[in-house]
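S.K.: Following this message is one structure expressed as structure tokens.
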Amino acid sequence: MANTIQSKIELNVELDENRVPEKLRWSAQDGGIDNEEAKAVMLSVWDGNAQETLKIDLWTKDMPVDEMKLFFHQTLVTMSDTFLRATQDEKMTATMKDFCDYFAEKLELKK
-13 MANTIQSKIE
-3 LNVELDENRV
7 PEKLRWSAQD
17 GGIDNEEAKA
27 VMLSVWDGNA
37 QETLKIDLWT
47 KDMPVDEMKL
57 FFHQTLVTMS
67 DTFLRATQDE
77 KMTATMKDFC
87 DYFAEKLELK
97 K
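If you want it as structure tokens, here you go:
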């Protein structure tokens, strides 16, 4: 029997009285991250039994809208890269990248 290794990623959320995130912190010991502050997090988990995505989307109330737009754009680009690695579907990846360029253009993110 092969030895297994476990890795832990931890998210800590500090909420205000209305349960709105004020502070987000995360740790990933294997990645050298220890209680680092973040302003936003998007986490998707695939439930194979239900065949659906479960998600958590959080951002602090002091996250500026311009940073949120950049966060979304960079997340979309990363999802395109991940899609290619997972599926080897170069044609759809190119389509996704085109959309990322369109998204950045419409939000005036590219200079």
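FYI, in this note's numbering the residues of the sequence shown are -13 to 97.
Beta carbons: idealized from backbone N, C-alpha and C, even for Gly.
Computed from a predicted model, the values in this text were never measured in an experiment.
Quick check on this structure: which residue in 42, 16, 22, -1 has the alpha carbon closest to the alpha carbon of residue -7?
M.R.: Comparing Cα-Cα distances from residue -7 to each of 42, 16, 22, -1, the minimum goes to 16.
S.K.: Quick check on residue 1: buried or exposed, where buried means 16 or more other Cβ atoms within 10 Å of its Cβ?
M.R.: Residue 1 is exposed by the Cβ-count criterion.
S.K.: I'd like the span of the beta strand (DSSP E) that includes residue 71, first residue to last.
M.R.: Note, residue 71: premise wrong, no beta strand (DSSP E); alpha helix (DSSP H) at 51 to 73.
S.K.: Drop a sphere of 10 angstroms on the beta-carbon of residue 7, count the other beta-carbons inside from all chains shown, and report buried for 16 or more, exposed for fewer.
M.R.: Buried, because 16 or more other Cβ atoms sit within 10 Å of the Cβ of residue 7.
S.K.: What residues are listed by DSSP as bridge partners for residue 91?
M.R.: The partner list for residue 91 (beta bridge, DSSP) is empty, contrary to what the question assumes.
S.K.: Distance, Cα to Cα, residue 29 vs residue 40?
M.R.: The straight-line gap from Cα to Cα measures roughly 8 Å.
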